[in-house]
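**Q** Before I ask anything, let me first share the structure, which is written out below as structure tokens.
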Amino acid sequence: MIIPVFLSLSHASLWRDIPRICVFFVLCLIAGYAGLSSLQLDHVINDKALHALTFFTLTVVFYWVIDTSRRRTLNVTLVVCTLVLGIGSEFLQGFIPNGRNFDLNDIIANIVGSLAALALCSWYHQRMLERKRQRRYSAVAGDEPDDLELGEGLSRQEEGVVGTDDEQGRPTTLEEEVDNWDENAVDNWEEDDEPEGDIGVSGKIQGEQNGGEGANAPDKKRAD
């Protein structure tokens, strides 16, 4: 059960988690020797407290060995540490002639210690993921353009600033436009905006034509 879980990890994750994997296996060996051998520690520490503390430590170490999603880590840790090790080890202890008897209270202590560690790790893991999502959201939100309707970016607008930008990307002020204005430069007026001739000249020509026609009118009558 445990070996396939470790083999499913990627090579990079496996090499990075080797210290924690080694710590977990060492703790399993110590817990197995203390639980399956004839060693008695009742005179040093309470047996039920020792069971709870042992499986609390095993569950914490195993939880952070698995590098996968939070839900999958929670399920795998629950199966491996709480069910297989916490319950299965007590049934195995009953079949080994080591002077120990099957004790339901030991199973309860194992489950309590394992579930307490699992709840603590899952809560911390969820908070860690929430902080990561908040940092990611803040980074994305900061890249968005300012919303002028919400009053964002108004402090950067200065009075007397022309909307065009120069080559350096800095807005050109009205004073700079006046200082750089060349009176000898040719104005780029569009042809459609230009008048189709001089109004004064055209009016004079039209008046001369009308005057000529008026002078020739008596001649026509006399000729008639």
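Each residue of the sequence shown is one higher than the one before, counting from 881 in our numbering.
Backbone N, C-alpha and C fix where the C-beta goes; we use that ideal spot for every residue, glycine too.
Are Gly974 and Asn985 touching if we call contact CB-CB under 8 Å?
**A** For this step, residue 974 is matched to residue 94 along the sequence shown. For this step, residue 985 is matched to residue 105 along the sequence shown. Cβ distance not < 8 Å, so Gly974 and Asn985 don't count as in contact.
**Q** Can you tell me whether Cys902 is buried or exposed, with buried defined as 16 or more other CB within 10 angstroms of its CB?
**A** Working through the sequence shown from its first residue, we reach residue 902 at position 22. By the 10 Å Cβ count, Cys902 comes out exposed.
**Q** What did DSSP end up calling Glu983 once you bin it into helix, strand or coil?
**A** Here residue 983 refers to the residue found at position 103 of the sequence shown. For the sequence presented, residue 983 should be read as Asp rather than Glu. Of the three classes helix, strand and coil, the one that applies to Asp983 here is coil, per DSSP.
**Q** Compare the C-alpha of Gly993 against each of Leu958, Thr948 and His931 and name the closest.
**A** The residue you call residue 993 lines up with position 113 of the sequence shown. Comparing Cα positions, the closest option is His931.
**Q** Take Thr937 and list the residues in its own chain whose beta-carbon comes closer than 7 Å to its own, dropping the five residues that flank it on each side.
**A** Along the sequence shown, read from residue 1 onward, the residue named residue 937 stands at position 57. Closer than 7 Å at the Cβ level, and outside the excluded window around Thr937, lie Leu907.
**Q** Alpha carbon to alpha carbon, how far is Arg952 from Glu1047? Give it in angstroms, no decimals.
**A** On the sequence shown, residue 1047 is found 167 positions in, with the first residue counted as 1. On the sequence shown, residue 952 is found 72 positions in, with the first residue counted as 1. Confidence at Glu1047 is low in this model, with a pLDDT of 47, below 50, so its placement is unreliable and the value that follows should be read with caution. Rounded to the nearest angstrom, the two C-alpha atoms are 55 Å apart.
**Q** Using beta-carbon positions only, say whether Ile991 and Gly966 come within less than 8 Å of one another.
**A** Walking along the sequence shown from the start, residue 991 turns up at place 111. Walking along the sequence shown from the start, residue 966 turns up at place 86. The answer is yes: Cβ separation under 8 Å.
**Q** Out of Leu909, Leu995, Phe971 and Leu963, point me to the one whose CA is closest to Val940's CA.
**A** Within the sequence shown, the letter at position 60 stands for residue 940. The residue with the shortest Cα to Cα distance from Val940 is Leu995.
**Q** Pull up the CB-CB distance for Leu1000 and Thr962, whole angstroms please, since I reckon it's below 8 Å.
**A** Taking the first residue of the sequence shown as 1, we reach residue 1000 at position 120. Taking the first residue of the sequence shown as 1, we reach residue 962 at position 82. The Cβ separation is near 14 Å, so there is no contact.
**Q** Indicate whether at least one CB of chain B lies closer than 8 Å to the CB of Arg896.
**A** Reference to chain B is not applicable here, since this structure consists of a single protein chain.
**Q** Nearest by alpha-carbon distance to Thr957: which of Tyr943, Arg950, Asp947 and Thr948 is it?
**A** As a first step, residue 957 must be located in the sequence shown, where it is residue number 77. The residue with the shortest Cα to Cα distance from Thr957 is Tyr943.
**Q** Out of Asp947, Ser1002, Leu954 and Lys1012, point me to the one whose CA is closest to Arg896's CA.
**A** Within the sequence shown, numbered from 1, the residue matching residue 896 stands at position 16. Comparing Cα-Cα distances from Arg896 to each of Asp947, Ser1002, Leu954 and Lys1012, the minimum goes to Asp947.
**Q** Indicate whether Arg900 and Val959 have their beta-carbon atoms separated by less than 8 Å.
**A** What you label residue 900 is simply residue 20 of the sequence shown in a count that begins at 1. What you label residue 959 is simply residue 79 of the sequence shown in a count that begins at 1. Cβ atoms of Arg900 and Val959: not closer than 8 Å.
**Q** Count the other CB atoms, across all protein chains shown, that sit within 10 Å of the CB of Phe905; report buried if there are 16 or more and exposed otherwise.
**A** Sequence index remark: in the sequence shown, residue 905 carries index 25 (1-based). Exposed, because fewer than 16 other Cβ atoms sit within 10 Å of the Cβ of Phe905.
**Q** Measuring straight from C-alpha to C-alpha, what distance separates Val1042 and Asn1060?
**A** For the purposes of this step, residue 1042 is taken as the residue at position 162 of the sequence shown. For the purposes of this step, residue 1060 is taken as the residue at position 180 of the sequence shown. Only weak support is given to the placement of Val1042: the predicted model assigns it a pLDDT of 47, under 50, and the question is left unresolved by the model.
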